[in-house]
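Heads up, the thing below is written out as structure tokens.
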Amino acid sequence: CKILRCNAEYVSSTLSLKSGGSPGALREGDPDGGVGSSGLCRALRSYALCTRRTARTCRGDLAFHSAVHGIEDLMIQHNCSRQGPTASPPPRGPALPGGGPVRSPGPALPGASPARSSSPAAPDPCDYEGRFSRLHGRPPGFLHCASFGD
Amino acid sequence: PHVRSFHHHFHTCRVQGAWPLLDNDFLFVQATSSPVASGANATTTRKLTIIFKNMQECIDQKVYQAEVDNLPAAFEDGSVNGGARPGGSSLSIRTAEPGSHVEIQAAYIGTTIIIRQTAGQLSFSIKVAEDVARAFSAEQDLQLCVGGCPPSQRLSHSECNHRGAITIDTARQLCKEGLPVEDAYFHSCVFDVLISGDPNFTVAAHAALEDARAFLPDLEKLHLFPSDAGAP
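Below you can see the structure in the form of structure tokens.
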């Protein structure tokens, strides 16, 4: 059950809202999906989506059921519609060689190292082989799989 | 279809319907298979769906879908690259032979995919960076490329009756032309030609071997034999 991950992602997205600051940042209703006005609703919809994804494995988990009810309450309280944009995808991905936090949105780049990727001389982040070779001093390993015939 | 896994297991698989070949943080590949003929045990892939997941500054999520007689040279949204992000060009698609051979390069994850159509079936080959292939959670536990064909879905060649007028000697002769080594690819070729009665299946096995030759980092593992790889 990965409910703690959902909780952490929600907390992280609402922290950035609070640091953004304006009172309007916690209200729904910006039709163009602007970052400010519907921020909390976006975060709640993402949170709800995350709980739905983990529902099967979390069905016996009290924290999961608390979260589901909490989301319901907050969505009603802030007048959030169930349909609508969600928050940017959270940073997630495989264990990185070198480890450490990653940037959002989207999963972490495999083979990446945060320290290097933020340096001015960083390799192209979208060139996996170049990035891996530079970080590890050797080319990456590859695997092959195939399916054919009848 | 015949499945060669990342770990050099070679199985003939009876899987029907949609089964994942890959399911990780970066890629999802699903093959949809149906019986070669009504009542037959052997199945063949008629649809492939590939999802390249959204990734940071590299690409928007892109979906590629191929079906028999429809091998597009573009993603589902009509685009041929990863979109407007700075690294959008790190995902690209090209047609090597219109209608029968498409190649997708995903440089941002060190991955190359080849999709072919031969004899009314779709073939899939992938070369993927190790840490990309390993980036999945315990919940993503069904991946034919990772675990091979589940034991309950494996097919032995004695379980299938051959169709058509092709004899085993003719099938062996046809397959021998492109596959001189009597390895798993050769045996798969003989199986396919006998089961389908269609000599064009030799092309699928031959192309799969050529893709393996191009994609395997260690060519010593190219030929798999029944004794060491669980081949049919």
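Listed in order, the protein sequences are those of chains A and B. So the first sequence is numbered by this note's numbering: it starts at 50 and just counts up by one. So the second sequence is numbered by this note's numbering: it starts at 81 and just counts up by one. Beta carbons: idealized from backbone N, C-alpha and C, even for Gly. From a predicted model like this one, the values you see are computed outputs, not experimental measurements.
Within the same chain, Cβ atoms closer than 7 Å to the Cβ of Ala-154/B are found at Val-160 and Ile-173, the five residues on either side in sequence being excluded. As the crow flies, the alpha-carbon of Phe-197/A is around 29 Å from that of Asp-140/B. For Lys-207/B, the chain A residues whose Cβ falls inside 7 Å of its Cβ are Phe-191 and His-193, in order along the chain. DSSP places Thr-192/B in the strand class (E or B) of the three-state scheme. For Cys-255/B, no CB of chain A lies under 8 Å from its own CB, so it is not counted at the interface with that chain. With a cutoff of 8 Å on beta-carbon distance, Ala-284/B and Pro-189/A are scored as not near each other. The region 175-185 of chain B makes contact with the region 142-153 of chain B, as at least three CB pairs between them are under 8 Å. Listed in chain order, the positions of the region 95-122 of chain A with a beta carbon within less than 8 Å of a beta carbon of chain B are Thr-106.
Every beta strand (DSSP E) stretch that sits fully inside the region 165-253 of chain B and reaches 3 residues is listed by chain position as 171-177, 181-186, 191-198 and 201-209. Annotation for Glu-147/B: the continuous beta strand (DSSP E) segment containing it runs 142-147.
For Cys-50/A, the closest Cβ of chain B is not nearer than 8 Å. Here Ile-194/B is buried. Its C-beta has 16 or more other C-beta atoms within 10 Å. For the set Ile-206/B, Cys-229/B and Glu-137/B, the Cα lying nearest the Cα of Gly-167/B is the one of Glu-137/B. For Val-116/B, the secondary structure class from DSSP, reduced to helix, strand or coil, is coil. Judged by beta-carbon spacing, Ser-170/B lies within the 8 Å limit of Tyr-188/B, meaning their Cβ atoms are closer than that value.
Three or more Cβ pairs drawn from the region 288-303 of chain B and the region 248-268 of chain B lie within less than 8 Å of each other, which places the two stretches in contact. Pro-134/A has its alpha-carbon roughly 6 Å from the corresponding atom of Arg-91/A.
Thr-282/B has its alpha-carbon roughly 60 Å from the corresponding atom of Gly-119/A. Distances from the CA of Phe-106/B to each of Leu-235/B, His-89/B, Ile-248/B and Gln-220/B were compared; the closest alpha carbon is that of Gln-220/B. Minimum Cα-Cα distance from Pro-231/B among the listed residues His-82/B, His-87/B, Cys-93/B and Leu-289/B corresponds to Cys-93/B. Contact note: Pro-172/A does not reach chain B at a C-beta cutoff of 9 Å; the least C-beta distance is about 12 Å. Taken in chain order, the whole alpha helix (DSSP H) runs of length 4 or more contained in the region 92-139 of chain A are 111-126.
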